[in-house]
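Taking it in order: structure first as structure tokens, then the write-up.
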Amino acid sequence: MNRITDTGLPASMEARLCLMSLLLVLAMPLAAQSPGNAGGGKQRQYTYSWLFAEEAAMAPRGGTTRGPEVTLEREPADAWQALQEPDITARERDRRAILAMAGDYRTTFDFIETIGLTPGYEPARPYRSWGTERVYVVKDTPHAVSLQHILVTRIRQDDGELSEPFVVKHWRQDWHYEDRNVQAFVAPGLWAHERLDEQDAEGRWTQSVFQVDDSPRYEASGVWVHSGDHSYWQSDQRRRPLPRREFSVRDDYQALLGSHRITITPSGWVQEEDALKLVLMDDTGPHPETPHLAREAGLSRYERIRDYDFSPGDDYWQRTGPFWSAVRDYWSGVYAQHRDFRLEDTVDGKPLFVSLFELAEAYADEPKDTLSSLSALMARAVIIEPE
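Under our numbering, think of the first position of the sequence shown as 78, with each following residue one higher.
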């Protein structure tokens, strides 16, 4: 029997619509996103522009779609006020800074190559995207915090009407205090366990960043600094896999080597990124002659908003949350082995994230069978390297 959901649609149809939303939103940055009213609609110029480059050649990838009008939250959030309280421990202030990233946001993403490092270098087109997303607290303990990002995006259509919301489980970030076990990205599909010295972990937090399907992206270590009008965390330099905005259009480099800084402000937070585009050999080492193509700067702004309807995201997270908890548990078991591992991003000709999102939608009707399918899928996708 096909269950009827709260939307009035059969569960199988809702699952297909959710997957279509995922694919459409993930594709939008390549086809048609720009900051709209949920970010603007006007073409904006970059400060770090290439002044003498052909204008058309440097038009940002992203296009001209717009979202609805949003209302920015002008008053400092409760989480910001809690961060300012006196007489709390350094670890607790760090934890509150991390929790201050939860909430409702208009987000904008800008990336541009600022320095070319090869003979005859021609700058690539910059990238720009936007969204509206809610950041949920998944876990909150004195030593660990987990935050899940979920996009709820509406597009202004040609007739002026807003589209139905596109709901996508976006990225996740996990934070651990004085964590000595790091999952280090090495090369496409390969991660290595790294054990930090005790002194290198003291007073520091690791941030683990995960893909939309909860597979790993990268993990970095850093220290929180608090200075009254803002708090920031600076990561160490680590290899990172290519993001979707790059691997879908580039094949001339294989990794990013970079660091990032997260700054908490009264009205939201900002992530600044600084990365080299790294060319790898088959043995995962840098190319001996041209190890780096360019340096890239990235700026992601999370501006707090209010009165935006994120209820479709709430509904999705309530319906699929238990399934994604099982996925996280699977990965925790992999990490607990403290071994290197490989990840296949395609199983049976289908992208891993597509299979996982299909299982997430099936979970409510058939939880036992879905978890069995999850185990079988991940056993084929993840290969633990021999010691």
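Where a beta carbon is used, it is the ideal one built from N, C-alpha and C, also for glycine.
> Taking DSSP as the reference, what is the three-state secondary structure of tyrosine 254?
Replying inline: Here residue 254 is taken as the residue at index 177 of the sequence shown, counted from 1. DSSP places tyrosine 254 in strand when its eight states are reduced to three.
> To the nearest angstrom, how far is it from the Cα of valine 356 to the Cα of glutamate 190?
Replying inline: The residue labelled residue 356 in the question sits at position 279 within the sequence shown. The residue labelled residue 190 in the question sits at position 113 within the sequence shown. Roughly 15 Å between the two C-alpha positions.
>> For a test of the three-state rule: what should DSSP assign to arginine 327, helix, strand or coil?
In response: Against the sequence shown, residue 327 aligns to sequence position 250. In the structure shown, arginine 327 sits in coil (DSSP, three-state: anything other than H, G, I, E or B).
> Using the beta-carbon count (16 or more within 10 Å), is alanine 167 buried or exposed?
Replying inline: As a position in the sequence shown, residue 167 is number 90, starting the count at 1. Taking a 10 Å sphere around the C-beta of alanine 167, we find fewer than 16 other C-beta atoms and assign the residue as exposed.
>> Between which two residues does the alpha helix (DSSP H) holding leucine 160 run?
In response: Along the sequence shown, read from residue 1 onward, the residue named residue 160 stands at position 83. Leucine 160 -> alpha helix (DSSP H) spans 155-160.
> Measuring CA to CA, which of Thr283, Trp268, Glu279 is closest to arginine 294?
Replying inline: Counting from one through the sequence shown, the residue named residue 294 turns up at place 217. The candidate whose alpha carbon is nearest that of arginine 294 is Trp268.
> Out of curiosity, what's the CA-to-CA distance linking tryptophan 157 and alanine 177?
Replying inline: On the sequence shown, residue 157 is found 80 positions in, with the first residue counted as 1. On the sequence shown, residue 177 is found 100 positions in, with the first residue counted as 1. Rounded to the nearest angstrom, the two C-alpha atoms are 6 Å apart.
> With 16 as the cutoff for other CB atoms within 10 Å, does aspartate 291 come out buried or exposed?
Replying inline: What you label residue 291 is simply residue 214 of the sequence shown in a count that begins at 1. Burial call: buried.
> At which residue ranges does the region 209-262 contain complete beta strand (DSSP E) runs of 3 or more residues, listed in the order of the chain?
Replying inline: 221-230, 243-254
> In whole angstroms, what separates the C-alpha of glycine 280 from that of valine 259?
Replying inline: Taking the first residue of the sequence shown as 1, we reach residue 280 at position 203. Taking the first residue of the sequence shown as 1, we reach residue 259 at position 182. Distance between the alpha carbons of glycine 280 and valine 259: 15 Å.
> First and last residue of the alpha helix (DSSP H) that includes arginine 381?
Replying inline: Indexing the sequence shown from 1 puts residue 381 at position 304. Looking at the DSSP string, arginine 381 is not in any alpha helix (DSSP H); the run it does join, the beta strand (DSSP E), is 369-383.
> Between proline 343 and proline 163, which are expected to be in contact by the criterion C-beta below 8 Å, what is the C-beta distance as a whole number of angstroms?
Replying inline: As a position in the sequence shown, residue 343 is number 266, starting the count at 1. As a position in the sequence shown, residue 163 is number 86, starting the count at 1. Contact flag wrong, Cβ pair sits at about 17 Å.
> Does the Cβ-Cβ distance between alanine 458 and glutamate 421 come in under 9 Å?
Replying inline: Indexing the sequence shown from 1 puts residue 458 at position 381. Indexing the sequence shown from 1 puts residue 421 at position 344. Contact flag set, yes.
> In terms of residues, what are the limits of the alpha helix (DSSP H) holding glutamate 296?
Replying inline: Counting from 1 along the sequence shown, the entry for residue 296 is found at position 219. Taken as a continuous stretch (DSSP letters only), glutamate 296 belongs to no alpha helix (DSSP H), being part of the beta strand (DSSP E) at 293-303.
> Out of curiosity, what's the CA-to-CA distance linking glutamine 311 and glutamate 349?
Replying inline: By 1-based counting over the sequence shown, the position of residue 311 is 234. By 1-based counting over the sequence shown, the position of residue 349 is 272. Cα-Cα distance, rounded: 10 Å.
> So is alanine 134 buried or exposed if we call it buried at 16+ other beta carbons inside 10 Å?
Replying inline: For the purposes of this step, residue 134 is taken as residue 57 along the sequence shown, with counting starting at 1. It is exposed - the Cβ of alanine 134 has fewer than 16 other Cβ atoms within 10 Å.
>> Residues in the same chain with beta-carbon distance under 7 Å from phenylalanine 387, minus the five sequence neighbours each way, listed in chain order, please.
In response: Counting from 1 along the sequence shown, the entry for residue 387 is found at position 310. Result list for phenylalanine 387: Asp181, Arg211, Val229, in chain order.
> Hey, out of Glu462, Ser308, Asp277, whose CA is closest to alanine 159's CA?
Replying inline: Position 82 of the sequence shown, counted from the first residue, corresponds to residue 159. Ranking the options by Cα distance to alanine 159, first place goes to Ser308.
> Smallest Cα separation from tyrosine 125: which of Asp187, Arg173, Tyr213?
Replying inline: Position 48 of the sequence shown holds residue 125. Measuring from the Cα of tyrosine 125, the nearest candidate turns out to be Asp187.
> Where does the unbroken beta strand (DSSP E) through threonine 447 begin, and where does it stop?
Replying inline: As a working note, residue 447 is residue 370 in the sequence shown. It is not in any beta strand (DSSP E) - threonine 447 instead sits in the alpha helix (DSSP H) that spans 444-458.
> With which residues is tryptophan 310 paired in a DSSP beta bridge?
Replying inline: Taking the sequence shown and counting its residues from 1, the one referred to as residue 310 is at position 233. Tryptophan 310 pairs with Trp301, Ile339.
> Looking at C-alpha atoms only, which residue of Glu275, Ser325, Trp282 is the closest neighbour of aspartate 251?
Replying inline: Counting from 1 along the sequence shown, the entry for residue 251 is found at position 174. For aspartate 251, the nearest C-alpha among the options comes from Trp282.
>> The alpha helix (DSSP H) that contains phenylalanine 400, what's its start and end?
In response: Start at 1 with the first residue of the sequence shown, and residue 400 comes out as number 323. It spans 388-413 - the alpha helix (DSSP H) in which phenylalanine 400 sits, taken as one unbroken run.
> When DSSP labels each residue in this structure, what does isoleucine 165 get in the three-state scheme?
Replying inline: Taking the sequence shown and counting its residues from 1, the one referred to as residue 165 is at position 88. Isoleucine 165 falls in the coil class under three-state DSSP.
> What is the DSSP secondary structure of glutamate 462, counted as helix, strand or coil?
Replying inline: By 1-based counting over the sequence shown, the position of residue 462 is 385. In the structure shown, the three-state DSSP call for glutamate 462 is coil.
>> Buried or exposed, going by whether 16 or more other CB atoms sit within 10 Å of the CB of methionine 358?
In response: The count along the sequence shown starts at 1 and reaches residue 358 at position 281. Exposed.
>> Please tell me whether alanine 439 and aspartate 446 are closer than 9 Å, where the distance is taken between their beta carbons.
In response: By 1-based counting over the sequence shown, the position of residue 439 is 362. By 1-based counting over the sequence shown, the position of residue 446 is 369. In this structure, aspartate 446 lies closer than 9 Å to alanine 439 by Cβ.
> Do tyrosine 204 and arginine 338 have their C-beta atoms closer together than 9 Å?
Replying inline: Your numbering for residue 204 matches position 127 in the sequence shown. Your numbering for residue 338 matches position 261 in the sequence shown. No; because the gap between Cβ atoms is not below 9 Å, this pair is not in contact.
> From this set, Asp425, Gly237, Thr195, which residue's C-alpha is nearest glutamate 366's C-alpha?
Replying inline: Within the sequence shown, the letter at position 289 stands for residue 366. When only C-alpha atoms are compared, the closest one is Thr195.
> So is arginine 143 buried or exposed if we call it buried at 16+ other beta carbons inside 10 Å?
Replying inline: Here residue 143 refers to the residue found at position 66 when the sequence shown is read from its first residue. Under this definition arginine 143 is a buried residue.
>> Quick check: what's the CA-CA separation for serine 223 versus histidine 364?
In response: Counted from its first residue, the sequence shown places residue 223 at position 146. Counted from its first residue, the sequence shown places residue 364 at position 287. Distance between the alpha carbons of serine 223 and histidine 364: 36 Å.
> So which of Leu333, Phe287, Arg327, Arg257 has the shortest CA-CA distance to valine 263?
Replying inline: By one-based count along the sequence shown, residue 263 stands at place 186. Per the Cα distances, Leu333.
> Between which two residues does the beta strand (DSSP E) containing phenylalanine 287 stretch?
Replying inline: The count along the sequence shown starts at 1 and reaches residue 287 at position 210. Counting along the chain, the beta strand (DSSP E) containing phenylalanine 287 begins and ends at 282-287.
>> Whole angstroms are fine: how far does the CA of aspartate 235 sit from the CA of glutamate 169?
In response: By one-based count along the sequence shown, residue 169 stands at place 92. By one-based count along the sequence shown, residue 235 stands at place 158. Whole-angstrom Cα-Cα distance: 49 Å.
> Rounded to the nearest angstrom, how far is the Cβ of tryptophan 394 from that of isoleucine 227, given a contact under 8 Å?
Replying inline: Here residue 394 is taken as the residue at index 317 of the sequence shown, counted from 1. Here residue 227 is taken as the residue at index 150 of the sequence shown, counted from 1. That belief holds up - the Cβ atoms of tryptophan 394 and isoleucine 227 are roughly 6 Å apart, short of 8 Å.
> What is the residue span of the beta strand (DSSP E) that aspartate 351 lies within?
Replying inline: Taking the sequence shown and counting its residues from 1, one reaches residue 351 at position 274. 345-355 is the span of the beta strand (DSSP E), which, as asked, contains aspartate 351.
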